[in-house]
Structures are given as structure tokens and as C-alpha cells.
Amino acid sequence: MSASHRHNVGRSSSTPPESSHSLNRTPLWERDDGNGGHSRRERNRRRRPAKYDFAEDEEGSLIQFDRRESATTSELFYDLWFVANLTVFATVHPITEVDALVSFVGYFLLLWNTWFITTTFDARFIHDGILPRIARACHLTVMIGFAIAGAAFDRKELIRSIIKALSLFLVLSRLVLTAQYCLVLYGVRHNKRGRRALVVAATLTFVPAIAYLIVGIISDTSNNRHVIVVWYVVGLLELLGGILHATLSKTLSFEGTHFNERLNLLTLIVLGEGIIILAKNAAKIVEYTYLKGISTYWSPALVGTLFSAGAIIYITYQLYFDWMPQEHHHLHMTPWRHAAWTLIHLPFHAVLVLLSEGSSQWAVWWRAIESYREVEAKLEASVNDNIADSDSTRSSQVAEALKDTAYSIMKKYGSDPEDGSKNSQDLDTAFDDIKGLPSSFWDRGMKNTSDPNYRTWVDSYLGVSRTTMNSVSKAFGLSSEDKKDSGTTDWKSAELAAVNSTSVRLHTIFAYLFVSAGIVLMLLMILHILAKRRGWSQFDMLRAAIVFTTGIGLSLVATIKLNPSMLSSFINSPLQLPIILICYFGCLILTHIPISSPPTNESSDQSEKGVRNGKRGHSRAQDPESAIPGRRQRHSSSREGPNSNHRRQRGNDNWASDTDRSAQRKGQSEPNMTERIVDHLWRAVYDLFVPRAERQYDRRGRSRAPAYWVS
Numbered sequence: 010m011s012a013s014h015r016h017n018v019g020r021s022s023s024t025p026p027e028s029s030h031s032l033n034r035t036p037l038w039e040r041d042d043g044n045g046g047h048s049r050r051e052r053n054r055r056r057r058p059a060k061y062d063f064a065e066d067e068e069g070s071l072i073q074f075d076r077r078e079s080a081t082t083s084e085l086f087y088d089l090w091f092v093a094n095l096t097v098f099a100t101v102h103p104i105t106e107v108d109a110l111v112s113f114v115g116y117f118l119l120l121w122n123t124w125f126i127t128t129t130f131d132a133r134f135i136h137d138g139i140l141p142r143i144a145r146a147c148h149l150t151v152m153i154g155f156a157i158a159g160a161a162f163d164r165k166e167l168i169r170s171i172i173k174a175l176s177l178f179l180v181l182s183r184l185v186l187t188a189q190y191c192l193v194l195y196g197v198r199h200n201k202r203g204r205r206a207l208v209v210a211a212t213l214t215f216v217p218a219i220a221y222l223i224v225g226i227i228s229d230t231s232n233n234r235h236v237i238v239v240w241y242v243v244g245l246l247e248l249l250g251g252i253l254h255a256t257l258s259k260t261l262s263f264e265g266t267h268f269n270e271r272l273n274l275l276t277l278i279v280l281g282e283g284i285i286i287l288a289k290n291a292a293k294i295v296e297y298t299y300l301k302g303i304s305t306y307w308s309p310a311l312v313g314t315l316f317s318a319g320a321i322i323y324i325t326y327q328l329y330f331d332w333m334p335q336e337h338h339h340l341h342m343t344p345w346r347h348a349a350w351t352l353i354h355l356p357f358h359a360v361l362v363l364l365s366e367g368s369s370q371w372a373v374w375w376r377a378i379e380s381y382r383e384v385e386a387k388l389e390a391s392v393n394d395n396i397a398d399s400d401s402t403r404s405s406q407v408a409e410a411l412k413d414t415a416y417s418i419m420k421k422y423g424s425d426p427e428d429g430s431k432n433s434q435d436l437d438t439a440f441d442d443i444k445g446l447p448s449s450f451w452d453r454g455m456k457n458t459s460d461p462n463y464r465t466w467v468d469s470y471l472g473v474s475r476t477t478m479n480s481v482s483k484a485f486g487l488s489s490e491d492k493k494d495s496g497t498t499d500w501k502s503a504e505l506a507a508v509n510s511t512s513v514r515l516h517t518i519f520a521y522l523f524v525s526a527g528i529v530l531m532l533l534m535i536l537h538i539l540a541k542r543r544g545w546s547q548f549d550m551l552r553a554a555i556v557f558t559t560g561i562g563l564s565l566v567a568t569i570k571l572n573p574s575m576l577s578s579f580i581n582s583p584l585q586l587p588i589i590l591i592c593y594f595g596c597l598i599l600t601h602i603p604i605s606s607p608p609t610n611e612s613s614d615q616s617e618k619g620v621r622n623g624k625r626g627h628s629r630a631q632d633p634e635s636a637i638p639g640r641r642q643r644h645s646s647s648r649e650g651p652n653s654n655h656r657r658q659r660g661n662d663n664w665a666s667d668t669d670r671s672a673q674r675k676g677q678s679e680p681n682m683t684e685r686i687v688d689h690l691w692r693a694v695y696d697l698f699v700p701r702a703e704r705q706y707d708r709r710g711r712s713r714a715p716a717y718w719v720s
């Protein structure tokens, strides 16, 4: 066998590229065309898959598989099932408690890991045919299993039948992948190097299948929590093994595949899931304002909170793709850098979902606070109006007015106050206690706090308000704990009591919202550092430091939880999401400040020599569209016309920046840091408002504002 033939093992020389197969491109057989004229050995060879060349290879040369430049529709369709499962879990289990947060992390790990191992095979060997479509149907069945398990996935009480079902779905997924790898292994069985790599890949999917099968069998006799831990441990080991194998193996590496594109598309899908959650919560707010006739307007704080939640998702999308190189579908990274880049996407996607969930939940929470205030105002008004309108107030009048108001509010928020439940009985008891108060109690103005009747009034009124506001909490998915504060002496503290009853869930949302916001920023910058191998300027390093500092600062905001008084005042202000938005927007501004690398000594000397001779050299393209800041341009001196030097010199005089002129006056080679920052900010404003076709550029390829902009 010739050396050239050995190094093109993955290319079939007997079958033209445009040849198609009716059943399967690989690894099903390619049938003879029936033309004859071939020997038996040649006909047998033509029946082999067109994707590979199965000639004998004793030296174990590197086999090359056909690669796709982009994802297929089948892969994109599979990704849609991923986001569907996330939406189901977030709908059934709103992340408002620590247990729900832990359950989400575990569920997301299993789901993301299943997506990852399926995607790695698709990126390496994706093709169309009967067998691949059957395998795809099996993988979609596994996704249906995740939807079934997600509806009942609870850290506290995980049903044994759900454990068995999910374990069997995980086994099915791994066995199908094992069969797919074995099918490819059979096709490349004559290549020693490819055979070894595929045996390892098949083993990495078969061993977890056995582990998940054992979990499903022993779930009847062991503790559920121990079984769940086995799930997580096996999933992590499976993920690390797959990434390590792709890193060390040249045959099955991700180099040249569209795997990076799949991760980018999954990021878009995760962001889309956040948009779905935000839209559903916005619809819930509309339902309990306009549709129910509860309110006829949205407060500026509520509008700002919803806007901030959507803007955070949008800016996150911009930061992720702006910090990726332009060739992000085919990143050229070392294997270990690519392994780290791939692995970081797991926690990044998890905290991205938490950020989206927390932002939308906070918008709902703010509307709940406004509803608490509205309910308290209506209940107080019903009492005060009844006392003021009557010369001799009777307790029965106050009780009836309070009852009508409370019942009306509860019905608007979807609760039935007369259903005979415990809440209904507590309301009846409270109204009876109010009716039993003497008329003299109202005449004294309810100012004697030492009066036993006053204690009865406070307990009864707070009981009514607590039950009424609990209906508000349930409507917004913030079901509260029934706490009775026997030490309260102010009957006008119903809103505070309602907030305190949801404090545990509220503090959980507050904590993971800011922690996830900070971690998202830091992970975005880490992904940027791994993807960008060269071209780091001082400003790039300064920007990275600022982003990391901002991320750490946002995460540390959650420590306010340790100070109850500070936490209470901060929670009752609509500043949470705007603070996160301002930090993210600042990072976006830093990203788009046009920065160009300083010229080399050789180019600088040539430019200075050209200026002294009345020339500008060839550092700027004739077409302003091609003179993009930060890119080096190559031009030939033969393309310069006789008048081009004069035009370039005049443009340099008219469009040079103030910082360059000040540097020339001071005899400095470069402006100081303050002048550079001001110059970059001014250039960013100029680029924002001036179309690219109308911009002017200096000798370094940077845009320059005309004189009337400066004046």
C-alpha cells in the first residue's frame, strides 16, 4: 500500500463523491451498479461503505472521516427536545426553594450529559439513512423519558417507579450509542488505529449503561438519595471520560467537526428557554392586573424590572457571541484548551438558566409586593371608611365590610373563600371574633394597646389579611408559610407579615440570582480567554480584569442576606435587576470600545518617514469599508496614484485626533492612559452615529471624528 493511500483512509477512491445510498451512507453496504467488468475482489470492495476505505493497514495510519460544516436538521430537531425538557422542569418546579435548586442542578446534569454524548457521535459520524433515523427515534424517546421524569423529579420524594423509568431510559440511550459505535467499528475494523479509538468510545458508553441498569435494579431495596448520588457520579465520570477521550484521540477528536457550532446553538437554545420563562411570567402578571380587573396600569418599577430581565438575556447573548472569534464554528485551540472550553459550557448553561429563572421570578415577586400593598390598602380602607361614616360604629359593620373586601380580593386571585377548607374556617373565626368586640372599642379609637380587646382585634385582622395575601402568593407561584406573629401590636403591618411569610423563598431567589449573574460574567470571560489565543493588548487584559471584578462583586451582593435589616430594605426597592443590567451593559460597552494594537517599530518608522516626505505610506486601505479598526491592511505601492499621497496627507491633517496631536507636541510616542481612554470613548460614540461608509480613518486604521464633532 502506498503512503499516500494510507493517509487517505477515510476517502473512498472507488465511489464518486456524488454517489448516494438508498438505505444508509454508512455503515450499510453500497450495492454494485451491475455494470460488470469487475473482479470479485473489486465488487466486494465496491459494496463497502463510501465513507471509509477498508484496505489493510498494518501501520495504524490516521483514519479520516467525512466531516460536516454545519448541523443537520435532524440535530437541530433533537436540540428542540432539550429546551422542551428544561421548560417542563421549570414550569412544574419553579426554583424558589433550596430543594428545587438542588433538584434542578442534578436534573440538568443528567440531561446535558445525555445531550453531550449523543452530540459527540453526531458531530463525528452524522449521516442519513434508515439506521441513523431509527437511532434518532430512540434518542428522542429518551428525551420523552426525561420529560416524564422531570415532572416528578423531586429531591425530597423521588418516586421509585420514576427512578426505574429514568434509569431504563438512560440505559437505552447508552446502548443505542454503543451499537452505533460498534457499527462504525465494524466498518473500520482493518484500521488498527481507528479500531482502537472506536473500541474505547464504545466502552465509554457501554459501562455507564451497566451502571444505570444496576441503579434501576437496586432502587427497590436502597435509599432513594443514595441512588440519585450514583446517577450524578456516573454522569460526571461519563462526561469527563468522553471529553478526555476526544482530547487524547486524534481519530475521534473534535478537530474539523461542527461540534463547536452545536455548543453555540445549545447556548442559543438555553437563552431561548429563559425567554420562554420570562414570557410566561409576563403573561401571569398581565392576567393578575388587566385581565382580572385588579389594576389598570403597571407601575414604572414593574416596567423597569421586566425590561431589565429581558435586557439581561439580550446582553448575555451579545457578550457570548461578541467574545467568540469570528471563526467560532471552527475554533483553532489546542486539545486541552478545547477540552476546558467544552467542559465549562456545562456550568455555564446551568447558571445561565438560573439567571433567566431568577430574573423572571424577581419580576413576578415585585408584582406580588405591589399586590400586597394594594390588598393592605383596600383592607385598611374598608375598616377606616366604616368607622368614619358611622357615629356609633358597630363591630358587625366592620366585620361585614372586611369580609366583603377580603372575599372579593380572594376570588380575583383564584381562591374560593367559601370552600370549607381550613383557611375558610379561620376566616369565619376571625370575623366572629371581630363581631364580638364591644362598640366602645371603636369609640376610643383603638389607641389603648393594653386593652385585651385590642389584642383580639390585631390577631383577627392579621389573620384575615394573612389569608387574603396568601391567595396572592399562590396566584404568583410564591406559596407562603402560614406564620402567626403573636408579638405584633400594629394591625397595619399586614404587608410586612405577608413579605415575612415568603421570606425563605424570597431569600433563595435573591441569593442564586446574584450569584448566577456574577458566575455567568466570569465564565463568559473564561470562555473568551480560552478561545482567543493571541492578540491580547493591555486594554484587553484590563477589560478581563474589570469583568472578573464585576462578576465577583455581583456574587458578593448575595452576602447581604447575612444582614436582615439591610436585606429587608434592599428587597423592598426595585433596584435588584437594574443593578445587574448596569453591570452587564458596562461590560458590553467595554467590549465595543474600538481598540487597535500598537504598530510595530518597523511600521512606525516607515509611517514617520512617509509623513516627513509628504507621504502616508500604505497603512490605510483606499476603500474606507476595508479599513476596519484593529485589522492590518496590506497594500502594494504600485496601486498608489500620483495624487493619492496628497489626498492621504490632507486627510491625515484634517482627521487626526487631538490625542495624537498632543502627543506630537509633547514629544511622546504614545498618549497617556487618560488620553487614550477619552480617545477610545469618543471614537466609540462617533462609530455609533456615523455610518461606516461615511467614516474617515487615520493611518492606524482607526476611525476619527471630524473637527465639527470636537467643537
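Under the working numbering, the letters of the sequence shown match residues 10 to 720, in that order.
The beta-carbon is built from N, C-alpha and C at its ideal position, and this holds for glycine as well.
Just so you know, these numbers come straight off a predicted model, no measurement behind them.
Use the C-beta contact count for V295: other C-beta atoms within 10 angstroms, 16 or more gives buried, fewer gives exposed. With fewer than 16 other Cβ atoms within 10 Å, it is exposed.
Would the segment 349-356 count as touching the segment 370-379 if we require 3 or more Cβ pairs under 8 Å? No, they do not touch.
According to the Cβ coordinates, are L222 and V185 closer than 8 Å? Contact annotation: L222 and V185 have beta-carbon atoms that are not nearer than 8 Å.
Using only the alpha-carbon positions, how far apart do S480 and W466 sit? Cα to Cα, S480 sits roughly 22 Å from W466.
Per DSSP, which residues does G472 bridge with? Please list them. According to DSSP, which records beta bridges pairwise, G472 is partnered with nothing at all.
Is the beta carbon of L280 sitting closer than 8 Å to the one on I322? Yes. Within cutoff.
Which first and last residues belong to the alpha helix (DSSP H) in which M534 is found? Counting along the chain, the alpha helix (DSSP H) containing M534 begins and ends at 512-540.
If we ignore side chains and look at the alpha-carbon of each, how far apart do V566 and D163 end up? For V566 and D163, the distance between alpha carbons rounds to 29 Å.
Can you confirm whether the segment 307-314 touches the segment 389-396 when touching is taken to mean that 3 or more C-beta pairs between the two stretches lie within less than 8 Å? Short answer: they don't touch.
Put G429 into one of helix, strand or coil per three-state DSSP. Assigned with DSSP and collapsed to three states, G429 falls in coil, not helix or strand.
Grab me the residues of L272's own chain with a C-beta within less than 6 Å of its C-beta, minus the 5 sequence neighbours each way, in chain order. Around L272: H354.
Which partner residues of G319 appear in the DSSP bridge assignment? The bridge partners DSSP lists for G319 come to none.
Identity of the residue in Y297, Q406, S262 nearest H347 by Cα: If you compare the alpha carbons of Y297, Q406, S262 with that of H347, the shortest gap goes to S262.
Decide yes or no for the touch test of the segment 565-582 against the segment 512-529: beta carbon pairs closer than 8 Å, at least 3 of them. Yes, since at least three Cβ pairs between the segment 565-582 and the segment 512-529 fall closer than 8 Å, the two stretches touch.
If you check the beta carbons only, do G244 and L363 fall under 8 Å apart? Taking 8 Å as the cut-off, the Cβ atoms of G244 and L363 do not count as close.
Confirm, please, whether the CB-CB distance from A93 to S146 is below 8 Å. It should be pointed out that residue 146 corresponds to Ala in this sequence rather than to Ser. Not a contact, by the Cβ cut-off of 8 Å.
With a threshold of 8 Å on Cβ separation, who are the neighbours of L532 within its own chain once the five nearest residues in sequence on each side are excluded? Hits under 8 Å: I353, P356, F357, V360.
Buried or exposed, going by whether 16 or more other CB atoms sit within 10 Å of the CB of V193? Around the beta carbon of V193, 16 or more other beta carbons lie within 10 angstroms, which makes this residue buried.
If contacts are defined as beta-carbon pairs under 8 Å, then R514 and T100 qualify, I think. What distance do you get, rounded to the angstrom? No, R514 and T100 are not in contact; Cβ-Cβ is about 17 Å, not under 8 Å.
For W371 versus T298, is the C-beta distance shorter than 8 Å? Taking 8 Å as the Cβ cut-off, W371 and T298 do not qualify as a contacting pair.
Is G138 helix, strand or coil when you go by DSSP? Here G138 sits in strand by DSSP.
If you reduce the DSSP assignment to three classes, tell me which class T105 lands in. Three-state DSSP puts T105 in coil, outside helix and strand.
Residue interval of the alpha helix (DSSP H) (run including T305): Here T305 belongs to no alpha helix (DSSP H), and DSSP marks it neither H nor E.
Using the C-alpha atoms, what's the distance from F440 back to E409? Going by C-alpha positions, E409 is about 8 Å away from F440.
So S369 and N432 are in contact, right, with Cβ under 8 Å, and what is the actual spacing, rounded? S369 to N432, Cβ: 28 Å. No contact.
Taking 8 Å as the CB-CB cut-off, is V101 touching chain B? Structure shown: chain B not included; a single protein chain is present.
Exposure of L103, with buried meaning 16 or more beta-carbon neighbours within 10 Å: Per the sequence shown, residue 103 should be read as Pro rather than Leu. P103 counts as buried, since at least 16 other C-beta atoms from the protein chains shown sit within 10 angstroms of its C-beta.
Buried versus exposed, by CB contacts within 10 Å (16 or more), R133: Its Cβ being crowded by 16 or more others within 10 Å, R133 is buried.
Just verifying my parser: in three-state terms, what is the DSSP assignment at I168? Coil, per DSSP.
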